[in-house]
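Colleague:
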Amino acid sequence: MEDQRSTLVEALHLTRSGRVAEATALLQRGLGGAGARPAAHAPTAHPTAHPTAHAAAQAPGGAARGSRGVRGLLEDLSSRLPTRLPPVRRGTAPGRDGRGGASARADLPGEVLHRTHTGPAGSRTYDLYVPSGYDGRPVPLVVMLHGGTQDAADFVAGTRMDHLAEQRTFLVAYPEQSRAANHGRYWNWFRPGDQGRDAGEPALLAAIVREVAGSHAVDPERVFVAGLSAGGAMAAVLGTTHPDLFAAVGVHSGLAAGSATDAPSAFAAMRGGGAPGPALAVPLVVFHGDQDPTVAPVNAERLVASRLAAPGPDGAPLGERGSAVVEDGESGGRRYRRTVHRDARDRVVAEQWAVRGAGHAWSGGSAAGSYADPSGPDASAQMVRFFLEHGARSPRTGA
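So the sequence shown is numbered by our numbering: it starts at 48 and just counts up by one.
#1: Using the rule of at least 16 other Cβ atoms within 10 Å of the residue's Cβ for burial, across every protein chain shown, is Gln214 buried or exposed?
#2: Classify Ala347 as helix, strand or coil using the three-state DSSP reduction.
#3: Are Pro178 and Gly157 closer than 8 angstroms when you measure CB to CB?
#4: Taking the C-alpha atoms as reference points, what is the distance between Leu192 and Gln224?
#5: In angstroms with no decimal places, state the Cα-to-Cα distance between Phe217 and His164.
#6: Name the residue from Arg238, Ala264 and Ala328 whose alpha carbon lies nearest to the alpha carbon of Phe314.
#7: If the criterion is Cβ atoms closer than 8 angstroms, does the pair Trp234 and Ala277 meet it?
#8: Should Ala415 go down as buried or exposed, given a rule of 16 or more other Cβ atoms within 10 Å for buried?
#9: Looking only at its own chain, which residues have a Cβ that is under 6 angstroms from the Cβ of Gly423, when we skip the five neighbours before and after it?
#10: Should Arg131 go down as buried or exposed, given a rule of 16 or more other Cβ atoms within 10 Å for buried?
#11: For Ser170, name the three-state secondary structure that DSSP assigns.
#12: With a 10 Å radius around its C-beta and 16 neighbouring C-beta atoms as the bar for buried, classify Pro167 as buried or exposed.
#13: Expressed to the nearest angstrom, what Euclidean distance is found between the alpha-carbon atoms of Ala199 and Leu355?
#14: Could you check the C-alpha separation between Arg389 and Ala295 for me, to the nearest Å?
#15: Report yes if the C-beta distance between Arg171 and Leu285 is below 8 angstroms; otherwise report no.
#16: State the DSSP-derived secondary structure class of Phe271, mapped to helix, strand or coil.
#17: Which class does Asp420 belong to by DSSP, given the choice of helix, strand or coil?
#18: Which of the three DSSP states, helix, strand or coil, is assigned to Ala371?
#19: If we count the other Cβ atoms within 10 Å of its Cβ and call it buried at 16 or more, is Ser370 buried or exposed?
#20: Give the C-beta separation of Ala419 and Ala408 to the nearest angstrom, bearing in mind that I take them to be a contact with Cβ-Cβ under 8 angstroms.
#21: Can you name the residues that DSSP bridges to Arg385?
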């Protein structure tokens, strides 16, 4: 989301400098990936962005007419994007070729495996952290889905999930979105082709889980998925498409499954106008900053609502017969409100953390990664606690 605004701003500067062809090429690369359908991959891509830009640049009358056309398009697109986005922190956490993931793991005794999965649903690379305490007996698996513009190493650095894996002995998989699938490395949570069980990215990510379970001893009752922003939205999708595979879901600064089905509805959802989605059948933990300028905090409420819409022990929605306890506290220099939802049998089904003053960043994370805020409650630690306490043998549908 942040990367697309940066792309548009850069293209607008090129256009105003008379470099229309370069601006057009940047649009075509940056708002959907080479050869991609307009609006298919990037939430910020207007459905007519690519053909309009191309036509403007190639129209009779030369660069001046093209410049006016592209400039108008860019200014229109820029006006549609969420305002007050945080600056893009490029270069703060390099990927596989640099310091980010390597330095984050330098003091850990576990093993890091760099893998590539290829199957019917596509191909993606992923990192797998195997803690030093792993001895071949079944252990939990946590799948971590990075946000836009990030990669696996960046997410490793920002969340420090490997440190928790070392302390509590679980595997961590970090699938990495490819630029071929989305130029900004966003998981395609808003595309209908990536919202179902048997195809697209949900099928691909489920296949990665099965691949890990084929090479290592994974406790099938304790497989979890968490993500940030677009990764959080995809985690929510996986909770609806594969409740048989994932025992619980963690979403940080993300959106509910079914919030959007194309680029315009993705914008609306980010701003707080998402469509109602399917009920989430697995336990859910949500983190969201109440000053998030990128994904409106109301999306956290909608995520919880999707969980409470699932049927409870008596068949009624969890939210009708359950209870909620609210706790206000402070951690890491930030105030928070934690709301714990229980079903009619007093089992925890959802937990929501609203972090006061926080923006679009992983709470309690490490500054070694992008979109990670060292202040606030430790989202990684709290998600792992929730997973291990409430994910195993917790109600998948509330029954």
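Cβ atoms here follow ideal geometry from the backbone N, Cα and C, with glycine treated the same way.
Modeller: So, from the data block:
#1: Taking the sequence shown and counting its residues from 1, one reaches residue 214 at position 167. That one is exposed.
#2: The sequence position of residue 347 within the sequence shown is 300, counting from 1. Note: Ala347 maps to helix in three-state DSSP.
#3: As a working note, residue 178 is residue 131 in the sequence shown. As a working note, residue 157 is residue 110 in the sequence shown. Contact: yes.
#4: Within the sequence shown, residue 192 is the residue found at index 145, counting from 1. Within the sequence shown, residue 224 is the residue found at index 177, counting from 1. Looking at the two C-alpha atoms, the distance is approximately 9 angstroms.
#5: Numbered from its first residue, the sequence shown carries residue 217 at position 170. Numbered from its first residue, the sequence shown carries residue 164 at position 117. Their Cα atoms are separated by approximately 21 angstroms.
#6: Taking the first residue of the sequence shown as 1, we reach residue 314 at position 267. With distances taken between Cα atoms, Phe314 lies closest to Arg238.
#7: Here residue 234 is taken as the residue at index 187 of the sequence shown, counted from 1. Here residue 277 is taken as the residue at index 230 of the sequence shown, counted from 1. Contact: yes.
#8: By 1-based counting over the sequence shown, the position of residue 415 is 368. When all chains shown are included, Ala415 counts as buried.
#9: Here residue 423 refers to the residue found at position 376 of the sequence shown. The residues are Gly379, Arg381, Val402, Ala405, Ser410 and Gly411.
#10: Within the sequence shown, residue 131 is the residue found at index 84, counting from 1. Confidence in Arg131 is poor, its pLDDT being 36 and thus under 50, which makes the residue's placement unreliable; the coordinate value appears in the next sentence. Classification of Arg131: exposed, given that the 10 Å Cβ count is below 16.
#11: For this step, residue 170 is matched to residue 123 along the sequence shown. Three-state DSSP puts Ser170 in a strand.
#12: Taking the sequence shown and counting its residues from 1, the one referred to as residue 167 is at position 120. So Pro167 ends up on the exposed side.
#13: Counting from 1 along the sequence shown, the entry for residue 199 is found at position 152. Counting from 1 along the sequence shown, the entry for residue 355 is found at position 308. Answer to the nearest angstrom: the Cα atoms are 32 angstroms apart.
#14: Numbered from 1 along the sequence shown, position 342 holds the residue referred to as residue 389. Numbered from 1 along the sequence shown, position 248 holds the residue referred to as residue 295. Using only the alpha carbons, I get a separation of about 15 angstroms.
#15: Against the sequence shown, residue 171 aligns to sequence position 124. Against the sequence shown, residue 285 aligns to sequence position 238. No, the Cβ-Cβ distance between Arg171 and Leu285 is not below 8 angstroms.
#16: For the purposes of this step, residue 271 is identified with residue 224 of the sequence shown, where counting begins at 1. Residue state, collapsed to three classes: strand.
#17: Residue 420 sits at position 373 when you count from the first residue of the sequence shown. Of the three classes helix, strand and coil, the one that applies to Asp420 here is strand, per DSSP.
#18: Position 324 of the sequence shown, counted from the first residue, corresponds to residue 371. Strand.
#19: For the purposes of this step, residue 370 is identified with residue 323 of the sequence shown, where counting begins at 1. Counting Cβ neighbours within 10 Å, Ser370 comes out exposed, since fewer than 16 surround it.
#20: As a position in the sequence shown, residue 419 is number 372, starting the count at 1. As a position in the sequence shown, residue 408 is number 361, starting the count at 1. Right, the Cβ-Cβ distance comes to about 6 angstroms (below 8 angstroms), so this counts as a contact.
#21: Position 338 of the sequence shown, counted from the start, is the residue given in the question as residue 385. For Arg385, which the question treats as bridged, DSSP gives the partners Glu374 and Trp400.
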